[in-house]
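Since the structure comes first, as structure tokens, the remarks are kept for the end.
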Amino acid sequence: MDKTKLGFVGLGGRGRGLLGLLCEMENVQINGICDLRADLLEQGAAIVQEKAGQTVDRYTDFDEMLDKADIQGVVIATSWVSHVKLAIAAMKAGKYAAFEVGGATSLEECWRLVRTREETGVPCMMLENCCYGRTELALLNMIKQDVFGELVHMRGAYGHNLSESLVNRIEVNHYRHHHYHHRNGDNYPTHALGPICNMLGINRGNRLLTLTSVASKARGLHNRAVINKGEQSPEAAWTWNNGDVVSTTITCAHGETICLTLDTCLPRPYSRQLYVQGVHGLYMEDGNQIYLENVSPQYDTWEPFAPYLERYEHPLWKWFQAAGVRGGHGGMDYLVLRSFVESIRDGRDTPIDAYDAAAWMSITCLSEESVALGGHPVAVPDFTNGQWIDRQADPVCRYALDDIYADLF
Ligand SMILES: NC(=O)c1ccc[n+]([C@@H]2O[C@H](COP(=O)([O-])OP(=O)(O)OC[C@H]3O[C@@H](n4cnc5c(N)ncnc54)[C@H](O)[C@@H]3O)[C@@H](O)[C@H]2O)c1
Numbered sequence: 104m105d106k107t108k109l110g111f112v113g114l115g116g117r118g119r120g121l122l123g124l125l126c127e128m129e130n131v132q133i134n135g136i137c138d139l140r141a142d143l144l145e146q147g148a149a150i151v152q153e154k155a156g157q158t159v160d161r162y163t164d165f166d167e168m169l170d171k172a173d174i175q176g177v178v179i180a181t182s183w184v185s186h187v188k189l190a191i192a193a194m195k196a197g198k199y200a201a202f203e204v205g206g207a208t209s210l211e212e213c214w215r216l217v218r219t220r221e222e223t224g225v226p227c228m229m230l231e232n233c234c235y236g237r238t239e240l241a242l243l244n245m246i247k248q249d250v251f252g253e254l255v256h257m258r259g260a261y262g263h264n265l266s267e268s269l270v271n272r273i274e275v276n277h278y279r280h281h282h283y284h285h286r287n288g289d290n291y292p293t294h295a296l297g298p299i300c301n302m303l304g305i306n307r308g309n310r311l312l313t314l315t316s317v318a319s320k321a322r323g324l325h326n327r328a329v330i331n332k333g334e335q336s337p338e339a340a341w342t343w344n345n346g347d348v349v350s351t352t353i354t355c356a357h358g359e360t361i362c363l364t365l366d367t368c369l370p371r372p373y374s375r376q377l378y379v380q381g382v383h384g385l386y387m388e389d390g391n392q393i394y395l396e397n398v399s400p401q402y403d404t405w406e407p408f409a410p411y412l413e414r415y416e417h418p419l420w421k422w423f424q425a426a427g428v429r430g431g432h433g434g435m436d437y438l439v440l441r442s443f444v445e446s447i448r449d450g451r452d453t454p455i456d457a458y459d460a461a462a463w464m465s466i467t468c469l470s471e472e473s474v475a476l477g478g479h480p481v482a483v484p485d486f487t488n489g490q491w492i493d494r495q496a497d498p499v500c501r502y503a504l505d506d507i508y509a510d511l512f
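Numbering follows the working numbering, with no gaps: position 127 of the sequence shown is 230.
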């Protein structure tokens, strides 16, 4: 079988991990790597040599890689503000673009992504790996089988204590640092929101309508700086603008509500706090528990979710477990990359598309706006321009997120 030929840009910690995974993947060939830093290019080339047994062309200029490398698509793992710019350049050069997660700085950025996709006809995909999480896909399967009944309310979070890395890596200009310093909103909504949007059929018969967002005071990073570096340290003198806990409520066209939380500056165990509630019952990630009326053994009492995970395993995860789970974050990094690679191989659209990326990323700049206005509601644009009402189904494939095709496994 022909190999899918890719370029790769952004060789930080995340990029090098994804690059290694791609090098080990069947029928994939890396034909160019790019970063602004020569030392990281060296490291990237060493990964390709070690894992794929080949030398690879190195570029410090992304446009030059697009121009010269023999590639069908690019994977972009740079910092947040450059994802869309680089994806647009790739689409204009006729290359499929996949980009890492992050939020938008402006609605204009989201519109540019959508318009470039429409004008060039070249697909792009946000690499929202959590859409391919085992639990998220089992829940999607349960929703498709109507286990929860009509959905009413969803919750999710990015609950991850980043205070150590934000404070200790100031000197290496960590990409997140500036955002916490200058901005105030939900800067990382998609790990929670992506899977929720798939479950609610957002951009496919449903859409995000409005949001309101409020932010708590910012204390966690200063507190961490004092603990780690001392009261008199330069780090303790830094000011932080982003509230420690940002709470966002989104309304949807069919009346569902979504509560999102960004909680990254205070001590806490990791959780995406997924919560799915319909007229028959609900699932809650914290405690990994479920309650279904007339199904759960005791009235209004949680029961463990583990047996439901087995029973409603998504066919993609049944296949993945049989084939051997690989890659980081419990396997979902492999699945999201493979989803992109097979989209190129088959010459079709990607399961997470430009409209999804635009809607999900827009939550960041809209939440900033709402926070700045004291929690005032703001409208989420319809990036599909009305197509959401009766859009064609996504491509039929194993990696589809709008439907489940068990007969393809
Ligand atoms: N999906 C996940 O689970 C997950 C996990 C970790 C990080 N991420 C995302 O991955 C991305 C990268 O994270 P990281 O921690 O590796 O960041 P990083 O800042 O360490 O690395 C980014 C790299 O991109 C390079 N770069 C930036 N702009 C460039 C340009 N125009 N041309 C060439 N190179 C450029 C930088 O030199 C740097 O080496 C972020 O968007 C982050 O949110 C996702």
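We put the CB at the ideal spot given by N, CA and C, even for glycine. Note that the structure is a prediction, hence the values are computed from the model and not measured.
Report, in whole angstroms, the separation of the C-beta atoms of residue i and residue j, which I expect to be a contact under 8 Å.
i	j	result
residue 496	residue 505	6 Å
residue 144	residue 161	4 Å
residue 438	residue 235	4 Å
residue 328	residue 319	Contact flag wrong, Cβ pair sits at about 18 Å.
residue 458	residue 187	About 14 Å; that fails the 8 Å criterion.
residue 354	residue 313	5 Å
residue 507	residue 244	6 Å
residue 177	residue 112	6 Å
residue 123	residue 180	At roughly 12 Å, the Cβ-Cβ gap does not stay under 8 Å, so residue 123 and residue 180 are not in contact.
Tell me the rounded alpha-carbon separation between residue i and residue j.
i	j	result
residue 199	residue 137	16 Å
residue 303	residue 357	9 Å
residue 545	residue 465	Examination of residue 545 is not possible in this model, given that the chain is present from 104 through 512 alone.
residue 321	residue 347	5 Å
residue 417	residue 331	44 Å
residue 229	residue 430	18 Å
residue 126	residue 324	37 Å
residue 343	residue 460	28 Å
residue 231	residue 203	7 Å
residue 227	residue 190	7 Å
residue 482	residue 151	45 Å
residue 159	residue 441	21 Å
residue 213	residue 463	9 Å
residue 479	residue 454	33 Å
residue 414	residue 349	35 Å
residue 239	residue 334	43 Å
residue 396	residue 299	22 Å
residue 201	residue 400	45 Å
residue 510	residue 500	10 Å
residue 470	residue 269	21 Å
residue 412	residue 398	15 Å
residue 248	residue 166	46 Å
residue 254	residue 467	24 Å
residue 129	residue 338	45 Å
residue 386	residue 241	11 Å
residue 515	residue 364	The structure shown does not extend to residue 515, since the chain is modelled only from 104 through 512, so no value can be given for it.
residue 246	residue 388	16 Å
residue 193	residue 223	10 Å
For residue i, tell me which candidate among the options has the shortest Cα-Cα distance.
i	options	result
residue 393	251, 341, 469	251
residue 316	304, 351, 290	351
residue 287	206, 108, 452, 399	206
residue 326	430, 341, 472, 410	341
residue 502	478, 444, 483	444
residue 154	121, 426, 231, 412	121
residue 220	440, 487, 509, 309	487
residue 366	247, 413, 283	283
residue 118	128, 146, 130	146
residue 53	451, 498, 491	This structure gives no information on residue 53, because the portion of the chain shown stretches from 104 to 512.
residue 134	345, 511, 192, 156	156
residue 173	184, 197, 163, 180	197
residue 105	449, 409, 353	449
residue 390	223, 409, 300	409
residue 382	291, 467, 257	257
residue 311	180, 471, 362, 510	362
residue 456	272, 123, 301	301
residue 369	266, 114, 107, 467	266
residue 475	387, 272, 512, 285	285
residue 526	489, 179, 222, 436	Absent from the model: residue 526. The displayed extent of the chain is 104 to 512, so no value can be given.
residue 491	281, 309, 142	309
According to DSSP, residue i sits in a beta bridge with which residue or residues?
i	result
residue 199	176
residue 309	305
residue 366	262, 348
residue 393	386, 406
residue 111	136, 178
residue 162	137
residue 378	258, 387
residue 482	313
residue 131	107
Determine, for residue i, whether the minimum Cβ-Cβ distance to residues of chain B falls below 8 Å.
i	result
residue 231	Judged by its chain identifiers, the structure shown contains no chain B, having just a single protein chain.
Exercise. Taking three-plus beta-carbon pairs below 8 Å as touching, is the segment 356-375 in contact with the segment 260-267?
Worked result: Touching, yes.
Problem set entry | the segment 395-404 in contact with the segment 421-440 per 3-pair CB rule at 8 Å | Touching, no, given that fewer than three Cβ pairs across the two stretches are closer than 8 Å.
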